[in-house]
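In the numbering used here, the protein residues as written are 12 to 545.
Using N, Cα and C, we set each Cβ at its ideal position, and we do this for glycine too.
Since this is a predicted model, take the numbers as computed values, not measurements.
Reading through the structure tokens given below for one structure.
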């Protein structure tokens with residue numbers, strides 16, 4: 012009896028000592044527990060603070076907490092091995108994380124999401140796989156290649172302008188036509204990606220919609236994906252994946268929904284690859300010039316040409332990788348998102364819209380690439396739209412080894428360097444960074460393109476293109492950013508010259524599903540605007 016009691020006592024003492032030892036070493040090697048953060052009393056015992064984040068507008072809680080606790084704070088995560096996640100909005104810390112892209116990789120939650128929607132392309136890849144893909148893809152998104160896409164972008168933008176103008180003329184109301192603008196913008200950007208990416212017309216802008224068309228199926232699948240992302244299952248899925256990562260590849264409803272768009276694009280794209288490859292083989296057989304001709308340098312042709320005999324095909328992309336990259340990198344829905352929100356902002360501020368229209372019209376209707384670059388207020392408007400409404404509102408990173416993260420603002424009890432352990436989950440809310448009063452002033456949440464025309468201190472803003480995180484930062488910044496910015500400028504300039512956009516007064520909430528979406532009435536994306544002729 013005494014021996015049993017002694018054994019139990021010794022065992023209990025060992026357990027206590029082990030706990031103390033583990034806590035000591037965690038405290039010694041990691042500063043996470045020293046970070047400030049929201050009170051545990053407002054956290055769910057199972058869902059942590061993340062349920063609050065999901066229930067509110069995109070980045071709303073992150074922005075509130077950042078103002079209270081600073082650029083680096085902790086919050087209780089959903090069930091995971093590590094109880095706390097770090098929320099990073101400190102400029103130096105975020106830059107360090109993105110600059111060291113081989114050390115900080117996407118989390119076990121984000122990678123399956125990307126794979127299901129976009130495949131195993133550049134956005135999904137890590138390490139040497141990413142370096143190889145980036146090297147091969149870079150020429151397709153060079154300034155010269157993007158310039159050659161301009162005629163196609165203009166063609167699609169002008170078709171959108173005509174379609175909307177005709178709808179306004181056909182309206183029975185003299186007050187104009189109310190339309191869900193994102194539907195028409197999505198059709199335009201889909202047609203752009205089809206032409207510049209695949210040398211294929213989806214006929215997405217047809218005035219006689221066909222529900223069985225590829226464009227209609229892509230649109231319907233994307234809408235289903237957005238709707239699914241707003242349901243409780245979308246909140247539960249990451250929790251399950253964190254607990255059991257292998258389930259990310261299981262045929263569950265949410266992953267299946269995420270992959271629907273990709274399956275449609277893969278089916279179409281493989282036919283196009285087979286066609287393009289056949290044409291290239293015929294040219295080689297006849298000893299004809301095989302380099303893509305000027306004006307027809309679509310991305311898929313450039314990538315297939317790199318695999319032909321006589322070229323350095325070492326490490327060339329597979330057909331699957333080509334398809335995974337072409338559709339995702341040209342930014343179909345991401346461009347639609349920012350354009351939708353930008354037009355909504357212009358509709359709510361007529362004076363800014365009038366100023367933009369006057370600038371565009373002062374340069375005539377035929378805007379060359381050089382003239383587009385001269386439109387300073389157009390540039391400012393696009394940047395402001397990207398700042399307030401980045402299509403990708405957040406990301407997560409996990410370090411592959413212990414690290415020291417530099418901080419631009421020291422944290423009490425920690426200093427100017429944060430020690431973290433391998434595997435620590437770090438959440439980076441782009442939207443909070445882009446709307447921080449610390450970087451953008453007291454009117455940071457207000458749509459004001461004029462801020463871009465004023466002198467500013469670059470050091471006060473995050474790293475990244477134009478001080479924004481909308482295209483990320485570091486080596487893994489968005490490879491297609493030039494195309495995205497140019498496409499937004501051309502579409503916006505084309506529409507604003509002949510159409511007036513007016514606010515309908517609906518209450519719009521921003522939610523992430525899987526990217527930033529305009530939600531009205533708690534339902535799927537729908538942003539109605541009133542359109543009138545100039």
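Can you tell me whether residue 529 is buried or exposed? The criterion is at least 16 other CB atoms within 10 Å of its CB, across all chains shown. Buried, by the Cβ-count rule.
Applying the criterion that 16 or more other CB atoms from any shown protein chain within 10 Å of the CB defines a buried residue, is residue 384 buried or exposed? With fewer than 16 other Cβ atoms within 10 Å, it is exposed.
Of the choices 513, 493, 398, whose alpha-carbon is the least far from that of residue 456? Of 513, 493, 398, the residue nearest in Cα terms is 398.
Mind the definition here: the stretch 138 to 145 touches the stretch 421 to 436 only if three or more C-beta pairs lie below 8 Å; say whether that holds. No, the stretch 138 to 145 is not in contact with the stretch 421 to 436.
With residue 83 as the anchor, note down where its alpha helix (DSSP H) starts and where it stops. Residue 83: not part of any alpha helix (DSSP H); member of the beta strand (DSSP E) spanning 83 to 87, first to last residue.
Quick one: complete alpha helix (DSSP H) runs, 4+ long, within the stretch 356 to 436? Within the stretch 356 to 436, the complete alpha helix (DSSP H) segments at least 4 residues long are 361 to 372, 380 to 385, 387 to 399, listed from N- to C-terminus.
Supposed contact pair residue 225 and residue 213 - C-beta distance, whole angstroms, cut 8 Å: Right, their Cβ atoms sit about 6 Å apart.
One or two residues paired with residue 520 in a DSSP bridge: For residue 520, which the question treats as bridged, DSSP gives the partners 530.
Tell me whether residue 99 sits in a helix, a strand or coil according to DSSP, three-state version. Of the three classes helix, strand and coil, the one that applies to residue 99 here is strand, per DSSP.
Taking 8 Å as the CB-CB cut-off, is residue 117 touching chain C? Of the chains in the structure shown, none is chain C; there is only one protein chain.
From what residue to what residue does the beta strand (DSSP E) around residue 500 run? Run containing residue 500: none in the beta strand (DSSP E); it sits in the alpha helix (DSSP H), 492 to 507.
By alpha-carbon positions, which one of 112, 281, 108 ends up nearest to residue 209? Nearest to residue 209 by alpha-carbon distance, out of 112, 281, 108, is 281.
Quick check on DSSP: helix, strand or coil for residue 104? In this structure, residue 104 counts as helix in the three-state DSSP scheme.
For residue 100 and residue 77, the rounded distance between their alpha carbons: Between the C-alpha atoms of residue 77 and residue 100 there is a straight-line separation of about 7 Å.
For the stretch 504 to 511 against the stretch 368 to 376, do three or more pairs of beta-carbon atoms, one drawn from each stretch, fall closer than 8 Å, so that the two count as touching? The stretch 504 to 511, when compared against the stretch 368 to 376, does touch it at the 8 Å Cβ threshold.
Tell me whether residue 19 sits in a helix, a strand or coil according to DSSP, three-state version. Reliability of the predicted coordinates at residue 19 is poor, the pLDDT of 47 falling under 50, and the value obtained from them is presented with this limitation in mind. In the three-state scheme derived from DSSP, where H, G and I count as helix and E and B as strand, residue 19 is classed as helix.
Let me confirm a value: residue 536 is counted as buried when at least 16 other C-beta atoms fall within 10 Å, else exposed. Which label applies? With 16 or more other Cβ atoms within 10 Å, it is buried.
What distance in whole Å lies between the Cβ atoms of residue 544 and residue 179, which are believed to be in contact at a cut-off of 8 Å? Sure, about 5 Å apart at Cβ, within 8 Å.
Pairs of beta-carbons, one from the stretch 182 to 194 and one from the stretch 153 to 166, closer than 8 Å: are there three or more? These segments do not touch.
Does DSSP classify residue 60 as helix, strand or coil? Coil.
Considering only the alpha carbon of each residue, which of 217, 390, 112 lies closest to residue 502? Here the closest residue by C-alpha is 390.
Start and end residues, beta strand (DSSP E) containing residue 189: Residue 189 -> beta strand (DSSP E) spans 188 to 191.
Within the continuous alpha helix (DSSP H) that includes residue 10, where are the two ends? A question about residue 10 goes unanswered here, because the residues of the chain that appear run from 12 up to 545.
CA nearest to the CA of residue 520, picked from 477, 317, 314, 355: For residue 520, the closest C-alpha among the options 477, 317, 314, 355 is that of 355.
What do you reckon, are the CB atoms on residue 347 and residue 139 nearer than 8 Å? Not closer than 8 Å, so no.
Tell whether a beta-carbon distance below 8 Å holds between residue 403 and residue 345. Yes, the Cβ-Cβ distance between residue 403 and residue 345 is below 8 Å.
Neighbour-count burial assignment, residue 368, 16 or more Cβ in a 10 Å radius: So residue 368 ends up on the buried side.
Sequence-distant residues of the same chain with beta carbon closer than 6 Å to residue 343, five excluded per side: For residue 343, same chain residues with a beta-carbon under 6 Å away, outside a window of 5 residues either side, are 200, 201, 204 in chain order.
Assigned secondary structure, residue 472 (DSSP; H/G/I helix, E/B strand, else coil): Coil, per DSSP.
For residue 289, which of 218, 309, 315 has the nearest alpha-carbon? Taking only the C-alpha atoms, the option nearest residue 289 is 315.
For residue 206, which residues in the same chain have their Cβ closer than 6 Å to its Cβ, ignoring the five residues on either side in sequence? Cβ neighbours of residue 206 beyond the five flanking positions: 163.
Given that a residue counts as buried once 16 or more other Cβ atoms are within 10 Å of its Cβ, and exposed if not, what is residue 500? That one is buried.
Coarse secondary structure for residue 510, derived from DSSP in three states: The answer is strand: DSSP assigns residue 510 an E or B state.
What is the rounded straight-line gap between the Cα of residue 473 and the Cα of residue 49? The alpha-carbon atoms of residue 473 and residue 49 are separated by roughly 24 Å.
Report the rounded CA-to-CA distance for residue 228 versus residue 292, giving the unit in angstroms. Computed Cα separation, rounded: 32 Å.
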